[in-house]
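Novice:
In the working numbering, the protein residues as written are 8 to 286.
1) If I measure Cβ to Cβ from residue 225 and keep anything under 6 Å in the same chain, skipping five residues before and after, which residues do I get?
2) Residue 35 lies in the beta strand (DSSP E); which residues open and close that run?
3) Out of 189, 39, 165, 200, which has the shortest C-alpha to C-alpha gap to residue 239?
4) When you compare the CB positions of residue 137 and residue 24, do they come within less than 8 Å of one another, or not?
5) Give the range of the alpha helix (DSSP H) segment to which residue 11 is assigned.
6) Rounded to the nearest angstrom, what separates residue 117 and residue 198 at their Cα positions?
7) Does DSSP put residue 144 in a helix, a strand or coil?
8) Between the Cα of residue 37 and those of 98, 48, 28, 147, spot the shortest distance and give me the residue it belongs to.
9) Output needed for residue 236: all residues of its chain with C-beta closer than 6 Å, excluding positions within five of it in sequence on either side, in chain order.
10) Determine whether the beta carbon atoms of residue 72 and residue 97 lie at a separation below 8 Å.
11) Looking at the structure shown, is residue 121 part of a helix, part of a strand, or coil, going by DSSP?
12) Go through the stretch 52-93 residue by residue and report every complete run of the beta strand (DSSP E) that reaches 3 residues or more, in order.
13) Put residue 164 into one of helix, strand or coil per three-state DSSP.
14) Compute the minimum distance between the beta carbon of residue 205 and the heavy atoms of the ligand HEM, and state whether it is under 7 Å.
15) Among 111, 86, 115, 121, which one has its Cα closest to the Cα of residue 102?
16) Would you grab the beta carbon distance between residue 105 and residue 82 for me? Rounded to a whole angstrom, and I think it's under 8 Å.
17) What's the gap between the Cα of residue 18 and the Cα of residue 126?
18) Thinking C-beta only, is residue 173 closer than 8 Å to residue 94?
19) Can you tell me whether DSSP reads residue 171 as helix, strand or coil?
20) Could you say which of 109, 12, 86, 158 lies nearest to residue 56 if we only look at CA atoms?
21) According to the neighbour-count rule (16 or more other Cβ atoms, all chains shown, within 10 Å of its Cβ), is residue 1 buried or exposed?
22) Exposed or buried, residue 70, counting other C-beta atoms within 10 Å across all chains shown (16 or more means buried)?
23) Determine the closest residue to residue 140 out of 170, 153, 182, with distance taken between C-alpha atoms.
24) Quick check on residue 159: buried or exposed, where buried means 16 or more other Cβ atoms within 10 Å of its Cβ?
25) Mapping DSSP to helix, strand and coil, what is residue 97?
26) What does the alpha-carbon distance come out to for the pair residue 28 and residue 155?
27) One question on the structure: do residue 263 and residue 164 come within less than 8 Å of each other, judged by their Cβ atoms?
28) Using only alpha-carbon positions, find the residue among 89, 166, 86 that is nearest to residue 123.
29) Return the CA-CA distance between residue 289 and residue 194, expressed in angstroms with no decimal places.
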């Protein structure tokens, strides 16, 4: 199996490691517009060969597109134009605009829209790690529009990493990821900015930073190159979630002003119930 990975960052690089280690891919071809990313991928042995976009598509059995979602929407139709019988997948964190971009393409059946729900706050080939995807969830979208053999190959690929496959429509996917992923990153960015603003006047505030703080703002280290396009494509859903989040924060603020610590206790108790979901 020859796999071409377009975009050699955290996700593309980590997929390269997993697919080579578990024997799914015999050869990994890397494509990236940044020569330094290709060099780093070679040095880390993430890829076996480099190629131009056209060469990478032509030689592949499976093409994985792991680039920011704004670039993905622009590039995907061009990639589909070059497809003969290759299978093409994306790993983007949004789905509606991506799926719409090739909805009427004559080779639509060779494409499978996916979102492996895994990642870290780091970026680039140097951030790629083994086992990133093991036993995580992976969303497959509009599977009924993919050719059966294409879908079977992609399912087999993710199953080699023991991923839990969830089928979902693009609109539903984007709503749910706004709640479980996108708002977390937006909140982390906002909290980091709040603390950095305070640090201007109290230079020693970070002397007190411990594991809890680091865990809370870890996502604030995520790259804007990836997250600004995600926020742009999922803006409406994110605004709905953000409004709800702001309303909830306002409840805590009101309770603090009124010294209503009984209500705060009840709110925290209610929040604790999420442990039934997040085992």
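The beta carbon of each residue, even a glycine, is placed where N, CA and C say it ideally should be.
Specialist: Well, looking at it:
1) 128
2) 34-38
3) 189
4) yes
5) Segment 9-13 is the beta strand (DSSP E) holding residue 11; no alpha helix (DSSP H) there.
6) 42 Å
7) strand
8) 48
9) 75, 76, 77
10) yes
11) strand
12) 69-72
13) helix
14) Questions concerning the ligand HEM fall outside what the structure shown contains, since it holds no ligand whatsoever.
15) 121
16) About 11 Å; that fails the 8 Å criterion.
17) 7 Å
18) no
19) strand
20) 12
21) Outside the displayed span of the chain (8 to 286) sits residue 1, for which this structure offers no information.
22) buried
23) 170
24) exposed
25) strand
26) 26 Å
27) no
28) 166
29) Within the shown structure, residues of the chain are numbered from 8 to 286, placing residue 289 beyond reach of any answer.
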